[in-house]
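Quick notes on the structure that follows.
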Amino acid sequence: MQNKEIRLANRPKGMPILDNFQFVETSVPQPGDGEVLLRSLYISVDPYLRGRMREGKSYVAPFEVGDVISSALIGEVIESRAPAFQKGDIVTGYFGWRLYNLAKADELRKVDPRIKPVTAALGVLGIPGLTAYFGLLDIGQPKEGETVVVSGAAGAVGTVVCQLAKIKGCRVVGTAGSDEKNRYLREELGVDAAINYKTAGDMRNALQEACPKGIDVYFDNVGGEVSDAVMAVLHHGARIIVCGQISLYNLDKPDIGPRPHPYLLVYSALMKGFIITQYTSRFPEGASQLGQWFAEGKLKYAESIVEGFENTPRAFIGLFTGENLGKQIVKVA
Ligand SMILES: NC(=O)c1ccc[n+]([C@@H]2O[C@H](COP(=O)([O-])OP(=O)(O)OC[C@H]3O[C@@H](n4cnc5c(N)ncnc54)[C@H](OP(=O)(O)O)[C@@H]3O)[C@@H](O)[C@H]2O)c1
1 MQNKEIRLAN
11 RPKGMPILDN
21 FQFVETSVPQ
31 PGDGEVLLRS
41 LYISVDPYLR
51 GRMREGKSYV
61 APFEVGDVIS
71 SALIGEVIES
81 RAPAFQKGDI
91 VTGYFGWRLY
101 NLAKADELRK
111 VDPRIKPVTA
121 ALGVLGIPGL
131 TAYFGLLDIG
141 QPKEGETVVV
151 SGAAGAVGTV
161 VCQLAKIKGC
171 RVVGTAGSDE
181 KNRYLREELG
191 VDAAINYKTA
201 GDMRNALQEA
211 CPKGIDVYFD
221 NVGGEVSDAV
231 MAVLHHGARI
241 IVCGQISLYN
251 LDKPDIGPRP
261 HPYLLVYSAL
271 MKGFIITQYT
281 SRFPEGASQL
291 GQWFAEGKLK
301 YAESIVEGFE
311 NTPRAFIGLF
321 TGENLGKQIV
331 KVA
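Quick look at the structure:
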């Protein structure tokens with residue numbers, strides 16, 4: 001058996017490119033006491049990894065050049081020297097972009113084999129789902145009849161936010177970068193209006209039309225010009241959840257747009273950022289509620305699967321050109 005891993009070859013400048021990644025063949029390690037050998041089945045590629053490819057301190061340590069990239073993945077235990085795990089167990093955790101990883105028992109969580117598809121553990125029932133759940137419900141506090149706008153609405157987090165806001169009885173407006181995605185949001189997820197921010201022209205007008213009573217809750221996945229337009233359409237007492245700013249992740253210098261403060265002032269609005277790990281102690285609550293809605297068919301699941309370990313960097317880069325509908329996952333085996 002031959003192992004392969006994907007390392008950060010050099011730091012991206014602007015949009016990441018394939019040359020930023022290096023494939024290296026290595027040997028398959030032997031598990032020691034308390035360890036298992038994992039075969040990678042599915043790898044999650046996520047926008048925040050772009051931040052880790054940048055030098056400097058953030059809320060997660062940056063990758064050094066030469067480091068193996070790591071993210072959430074689902075694997076199969078193929079050899080176990082940890083009593084809690086058996087050969088054949090399907091597990092999840094944070095590991096290197098490798099065909100085979102060594103894992104300590106306490107780094108692993110078993111994936112319930114009854115839940116289909118198993119990849120839900122990386123999306124609606126994983127970190128993206130929990131991010132949607134705590135961001136929207138804890139910070140946004142949406143009330144029945146309110147208007148919720150979700151940017152990046154057709155992505156892993158966004159698709160769950162849209163559905164949770166519908167469950168809470170809100171008018172939901174999504175923004176996404178293609179007509180196909182917006183059709184999905186309207187026809188499959190039941191959002192009330194969906195705006196293609198790439199073709200809408202004047203976003204402020206488009207939002208005003210879609211939100212005649214103003215925006216009570218804005219779940220922001222993208223930042224930039226979409227969020228600038230939202231600020232002008234807020235309703236009194238609005239709550240703005242700053243979850244992600246993907247439109248800015250590839251910029252080398254900060255982008256100064258219209259300042260939001262005057263809008264926060266006149267609309268008595270609250271703007272709050274969060275990192276999902278701050279909710280770790282409440283994950284069981286979120287996972288249980290999401291699991292229940294998923295089992296009841298109230299939460300639909302969208303994913304885009306790219307086949308083949310060698311296509312992992314390509315799948316990651318595709319997040320920044322909007323290739324994915326729902327959670328972007330790489331099928332390794
Ligand atoms: N705060 C936290 O703890 C936390 C946790 C997880 C994720 N996040 C953040 O949440 C956001 C969504 O993450 P995700 O995993 O669900 O990714 P995702 O939405 O599934 O994938 C990224 C999407 O972003 C959109 N996008 C890319 N470039 C854009 C641009 N310049 N302007 C507007 N949209 C752009 C693309 O869709 P279009 O086709 O619509 O452009 C793309 O499909 C990201 O910003 C991420 O960093 C935050």
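Throughout the sequence shown, residue numbering follows our numbering, covering 1 to 333 in sequence.
All residues carry an ideal CB built from backbone N, CA and C; glycine is no exception.
As the structure is a prediction and not an experimental result, all values here were calculated from the model.
Per-residue DSSP class, three states only, for residue i
| i | result |
| --- | --- |
| residue 323 | coil |
| residue 81 | coil |
| residue 312 | helix |
| residue 39 | strand |
| residue 215 | strand |
| residue 288 | helix |
| residue 276 | helix |
| residue 76 | strand |
| residue 282 | helix |
| residue 208 | helix |
| residue 199 | coil |
| residue 256 | coil |
| residue 222 | coil |
| residue 69 | coil |
| residue 167 | helix |
| residue 307 | strand |
| residue 182 | helix |
| residue 240 | strand |
| residue 297 | coil |
| residue 134 | helix |
| residue 100 | strand |
| residue 161 | helix |
| residue 270 | strand |
| residue 3 | strand |
| residue 151 | strand |
| residue 51 | helix |
| residue 234 | strand |
| residue 17 | coil |
| residue 122 | helix |
| residue 264 | helix |
| residue 64 | coil |
| residue 44 | strand |
| residue 58 | coil |
| residue 146 | coil |
| residue 194 | strand |
| residue 140 | helix |
| residue 174 | strand |
| residue 188 | coil |
Proximity below 7 Å, CB of residue i to CB of residue j
| i | j | result |
| --- | --- | --- |
| residue 234 | residue 279 | no |
| residue 73 | residue 40 | yes |
| residue 272 | residue 139 | yes |
| residue 191 | residue 222 | no |
| residue 92 | residue 109 | yes |
| residue 245 | residue 45 | no |
| residue 129 | residue 319 | no |
| residue 159 | residue 326 | yes |
| residue 339 | residue 14 | Residue 339 lies beyond the stretch modelled for the chain, which goes from 1 to 333, so this question has no answer here. |
| residue 90 | residue 76 | yes |
| residue 299 | residue 141 | no |
| residue 239 | residue 266 | no |
| residue 154 | residue 185 | yes |
| residue 301 | residue 157 | no |
| residue 38 | residue 31 | no |
| residue 94 | residue 286 | no |
| residue 236 | residue 288 | no |
| residue 276 | residue 167 | no |
| residue 260 | residue 231 | yes |
| residue 53 | residue 11 | yes |
| residue 25 | residue 2 | yes |
Integer-rounded CB distance, given that residue j should sit under 8 Å from residue i
| i | j | result |
| --- | --- | --- |
| residue 360 | residue 312 | For residue 360 there is no data in the structure shown, the boundaries of the chain being 1 and 333. |
| residue 135 | residue 241 | 5 Å |
| residue 332 | residue 42 | 6 Å |
| residue 258 | residue 228 | 5 Å |
| residue 317 | residue 16 | 5 Å |
| residue 8 | residue 314 | Not quite, the Cβ-Cβ distance comes to about 15 Å (not below 8 Å), so this is no contact. |
| residue 224 | residue 248 | 6 Å |
Residue i at chain B interface by Cβ criterion, 7 Å
| i | result |
| --- | --- |
| residue 250 | The structure shown contains no chain B; it is built from a single protein chain. |
beta-carbon residue i near ligand 2 non-hydrogen atom, thresh 6 Å
| i | result |
| --- | --- |
| residue 157 | This structure simply doesn't include ligand 2; it includes ligand 1 instead. |
Task: contact_flag[the region 190-199, the region 165-178] where n(CB pairs < 8 Å) is 3 or more - done: The region 190-199 vs the region 165-178: in contact.
Task: the region 46-65 / the region 103-118 touching (three or more Cβ pairs under 8 Å) - done: Touching, no, given that fewer than three Cβ pairs across the two stretches are closer than 8 Å.
Task: Three-pair Cβ contact test at 8 Å for the region 61-70 versus the region 81-89 - done: Between the region 61-70 and the region 81-89, the count of C-beta pairs closer than 8 Å stays below three; the two stretches do not touch.
Open item on the list: Using 8 Å as the cut-off, can you tell me whether the region 147-155 makes contact with the region 116-123, which would need three or more C-beta pairs spanning the two stretches below that distance?
Closed with: In this structure the region 147-155 does not lie against the region 116-123, because fewer than three pairs of beta carbons, one per stretch, are closer than 8 Å.
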